[in-house]
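Residue numbers (the working numbering): 3 to 301.
Pasting the structure below:
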């Protein structure tokens, strides 16, 4: 099997390649590719698969959730290709369903891992390996992206700017959600997640019951609440206790599904797809059971 390390040059404060190459130097059939911009990892993998249809390729995403999404998107649907993760980016939500980044940091175990099929979400013409979400948390992310390079508001302050803006402007998002062809919800929401993984936003355990190989999407919709209630309940949501919390029983709609649609009631709907904000009027999301091969190191 040929192993290709694909890394974001900015990951790990720019030290990713030196660290990876030093650790992998004793292994054969290892290659390294530095991505040059958005979607470059996906395009590169597809070129390699087309050029080497008989070669077994394991593509290793070296970076955060954005890099993981690009690598998984290139591998998805190809039986001769798999992916795994060397988590050295700022966001590592996807790997938390497997216990966290530490499980993936040993290069020897990473290269010895055997691929097995896991599920992936198909979002119209895109792939999503972890979580598709919209509402409050996407508003926070959208604002963060807008201010992160601005003086005074950027850097670590961008997250708090995003929270304040969302508390003032994004406590309600109007939408219509259908689940497996049937109406599920129509009206304002606080937030909603369609999940394959369990974590979103760096620390929020939005889908505590999710499994990456069960052929189902975990759907958790939270109805609007007051700002005071938000502050009182956010700890439960962060820790993944919200599905059992009696205080949240009347404001949560939860189900499991194979196919969903969400449509904005007004204008374009910003959503977060594995941490990338995109905007459309309507989205269709469906699970592809075993749609991508993933190499999980032994614990």
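Using N, Cα and C, we set each Cβ at its ideal position, and we do this for glycine too.
Assigned secondary structure, residue i (DSSP; H/G/I helix, E/B strand, else coil)
| i | result |
| --- | --- |
| residue 9 | strand |
| residue 161 | helix |
| residue 201 | coil |
| residue 37 | coil |
| residue 27 | coil |
| residue 183 | coil |
| residue 166 | helix |
| residue 84 | strand |
| residue 298 | coil |
| residue 270 | coil |
| residue 63 | strand |
| residue 280 | strand |
| residue 226 | coil |
| residue 118 | strand |
| residue 42 | helix |
| residue 123 | strand |
| residue 133 | strand |
C-alpha gap between residue i and residue j, whole angstroms
| i | j | result |
| --- | --- | --- |
| residue 59 | residue 287 | 27 Å |
| residue 273 | residue 23 | 36 Å |
| residue 206 | residue 47 | 31 Å |
| residue 37 | residue 129 | 19 Å |
| residue 74 | residue 280 | 18 Å |
| residue 149 | residue 237 | 26 Å |
| residue 88 | residue 62 | 7 Å |
| residue 44 | residue 249 | 43 Å |
| residue 185 | residue 178 | 8 Å |
| residue 134 | residue 39 | 22 Å |
| residue 107 | residue 131 | 20 Å |
| residue 30 | residue 241 | 42 Å |
Integer-rounded CB distance, given that residue j should sit under 8 Å from residue i
| i | j | result |
| --- | --- | --- |
| residue 145 | residue 112 | With 8 Å as the limit, residue 145 and residue 112 do not qualify as a contact, their Cβ atoms being about 35 Å apart. |
| residue 173 | residue 226 | 6 Å |
| residue 210 | residue 245 | 7 Å |
| residue 193 | residue 224 | 5 Å |
| residue 264 | residue 271 | 7 Å |
| residue 33 | residue 4 | 7 Å |
| residue 283 | residue 176 | Not really, about 12 Å apart at Cβ, beyond 8 Å. |
| residue 95 | residue 67 | 5 Å |
Chain-order list of residues whose beta-carbon lies under 6 Å from that of residue i (same chain, five-residue window excluded)
| i | result |
| --- | --- |
| residue 219 | 196, 259 and 289 |
| residue 119 | 292 and 295 |
Cβ-Cβ distance between residue i and residue j below 8 Å
| i | j | result |
| --- | --- | --- |
| residue 285 | residue 181 | no |
| residue 71 | residue 215 | no |
| residue 90 | residue 65 | yes |
| residue 121 | residue 291 | yes |
| residue 7 | residue 20 | no |
| residue 138 | residue 168 | yes |
8 Å Cβ cutoff, residue i in contact with chain C
| i | result |
| --- | --- |
| residue 154 | Looking at the structure shown, chain C is missing, and only one protein chain is on hand. |
Close Cβ partners of residue i (< 7 Å) along its chain, the five nearest in sequence each way excluded
| i | result |
| --- | --- |
| residue 80 | 51 |
| residue 140 | 272, 273, 274 and 279 |
Residues of its chain near residue i, where Cβ-Cβ distance is below 8 Å and the 5 sequence neighbours each way are ignored
| i | result |
| --- | --- |
| residue 143 | 164, 203, 274, 277 and 279 |
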